[in-house]
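Notes follow once the structure below has been shown.
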Amino acid sequence: MQFQIASIKGDGIGPEIVGEAQKVLKKVGEKFHHDFQFTEILMGGASIDVYGMPLTDETIETAKHSDAVLMGSIGGDTTTSPWYQLEPKLRPEAGLLRLRKELNLFANLRPAVLYEVLADACPLKKEIAEQGFDMMIMRELTGGLYFGERRTIEENGIKKAIDTLTYDENEIRRIAVKGFEIAMKRKKKVTSVDKANVLDSSRLWRSVVADVAKDYPEVQLENMLVDNCAMQLVKDPSQFDVILTENMFGDILSDEASMVTGSIGMLASASLNDTKFGLYEPSHGSAPDIAGKNLANPIATILSAAMMLRYSFDLDQEADAIEKAVKDVLDEGFRTGDIMSEGSKQVGTKEMGSLITERI
Ligand code: IPM
Ligand code: MG
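The sequence shown maps to residues 35 to 394 in my numbering.
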């Protein structure tokens, strides 16, 4: 079968890691007789450098007409990069937010898994790490504070900034349904995270989620306040299966969860809409400090490509093949610098990509 993939290499380490993921996909194509066609599109800093803006209308159209988007990472050093001298709506991140909105990618899936062979990298106490964990953070991605009205004004000589947090019940329902659907394929537990002791948007969130839960009697629903959740993630991460939460809380908790795994260079993500279409990217950022040095870990992007095969193309066997190849390479002791430990063999970005490709 033929699949059209719009590919956003982006900034920093983005081009290197996407290059390796494309290499792996090419091999999957050869082995399983698929034709993966890549169209390179620009977003973030790379687009600013060429077009003076982080995302153009043509780029959005190209993305919309593809079967899925595979992305590296965008953005630069916020204190030194000239991109951050521009007004906020012209900075690299504005491109990503607009793309999420234009493609209606409301469901963001961020798995945080403790890999057994990398358990030493987990910063938690040994007795906690030993329990292991495997959770899926489901973050609402096109609403809330990120997309509410915002402005900065001056009242009686005093500057004032306003951001608004809005959710309607439909926005909450559609992400909740996705969350319960995914829980059905996992350990059948949903922890819905909110700040219902303070915020109206959270109280609505909680009641809509409770309503959706009625359609999934096999799934255990638990409500948790966001501050408690931040604490529980370091205290006992094994209690979580699916964490369902709004945009801003999900941004913060997913970074925390990924750090707790000790191997953020391994974590993939998917952003989905109502159809099979999705955008796939690693959970980590563009790491400008190590860009172009063959040091970055390409595994998160390679595993994002596997998620793309699974969720957008229904190619489960092919996705399994990628995940197994990654596992084999780790079992054989190969590591990039970020997950290096004594006795392992350190390799660069390209070598890691080739090792995984060879094992497909
Ligand atoms: C993320 C990032 C983005 C976000 C930034 C780059 C706008 O932190 O994908 O988590 O806050 O959503
Ligand atoms: Mg973030």
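Quick reminder that beta carbons are idealized off the backbone N, C-alpha and C, glycines included. Computed from a prediction, not measured in an experiment: that's the story for all the values here.
Non-local beta-carbon contacts of Ser-100 in its own chain, meaning distances under 7 Å to residues more than five positions away in sequence, involve Gln-38, Ile-39, Ala-40, Thr-73 in chain order.
Proximity of the beta carbon of Asp-285 to the ligand MG is indicated: a heavy atom of the ligand is located closer than 7 Å.
Scanning its chain for C-beta atoms nearer than 6 Å, with the 5 sequence neighbours on each side dropped, one finds around Thr-370 the residues Asn-331, Met-386, in chain order. When the alpha-carbon of Ile-333 is set against those of Leu-364, Leu-349, Asn-307, the nearest one is in Leu-364. In terms of Cβ geometry, Gly-106 and Val-52 form a close pair [threshold 8 Å]. Taking 4 residues as the shortest admissible run, the stretch 244-294 contains the following complete alpha helix (DSSP H) segments, listed from N- to C-terminal end: 260-269. Phe-72 sits in a strand when the DSSP states are folded into three classes. The residue among Lys-212, Ile-187, Asp-91, Thr-186 with its C-alpha nearest the C-alpha of Met-172 is Lys-212. Cβ contact annotation for Ser-235 (same chain, cutoff 6 Å, sequence separation greater than five): Leu-199, Tyr-201, in chain order. The three-state reading of DSSP puts Asn-204 in helix, counting H, G and I together. When only Cα atoms are considered, Met-170 and Ser-115 end up about 33 Å apart. Judged by pairs of C-beta atoms under 8 Å, the stretch 339-346 does not touch the stretch 151-169, as fewer than three such pairs exist. Pairwise C-beta distances place the stretch 270-280 in contact with the stretch 219-237, as three or more of them are shorter than 8 Å. In this structure, the ligand IPM has a non-hydrogen atom nearer than 7 Å to the beta-carbon of Glu-127. For Arg-344, the enclosing alpha helix (DSSP H) has its first and last residue at 333-345. The alpha-carbon of Ile-373 is positioned some 32 Å away from that of His-68. Listed in chain order, the beta strand (DSSP E) runs fully inside the stretch 155-193 are 168-174, 184-189, counting runs of at least 3 residues. Distance from the C-beta of Asp-289 to the nearest heavy atom of the ligand MG is below 7 Å.
Glu-50 and Val-268 have their C-alpha atoms roughly 32 Å apart.
A Cβ-Cβ contact shorter than 8 Å links Arg-144 with Ser-303.
Restricting attention to Phe-66, Leu-104, Gly-177, the CA atom closest to the CA of Gly-44 is found in Leu-104. Per DSSP, the beta-bridge partners of Gln-38 are Gln-71.
Distance between Phe-66 and Glu-352, taken at the CA atoms: about 7 Å.
Assignment of Ala-302 by DSSP, reduced to helix, strand and coil, places it in the strand class. Shortest Cα-Cα distance from Leu-124 to any of Lys-135, Met-77, Asp-111, Glu-92 involves Met-77. Here Val-243 is buried, its C-beta having at least 16 other C-beta atoms within 10 Å. Positions of the beta strand (DSSP E) runs, each at least 3 residues long and wholly inside the stretch 125-151, are given as 141-147 in order along the chain. Excluding the 5 residues flanking it on each side, Gln-273 has same chain C-beta neighbours closer than 7 Å at Gln-266, in chain order. Note that the C-beta distance between Val-246 and Ala-210 is below 8 Å. When DSSP reads this structure, Asp-228 sits in a beta bridge with Leu-259.
At a cut-off of 7 Å, the beta-carbon of Leu-199 does not count as near the ligand IPM: no heavy atom of the ligand is closer than that.
Short of 8 Å from the beta carbon of Ile-94, and not among the five residues preceding or following it, lie these beta carbons of its own chain, in chain order: Arg-132, Leu-133, Glu-136, Leu-137. Secondary structure of Glu-315 (DSSP, three-state): strand. The DSSP-derived three-state label of Lys-212 is helix.
Under the DSSP definition of a beta bridge, Leu-104 partners with Ser-41, Tyr-314. Here Ala-155 is not near Gly-319, since their CB atoms are 8 Å or more apart.
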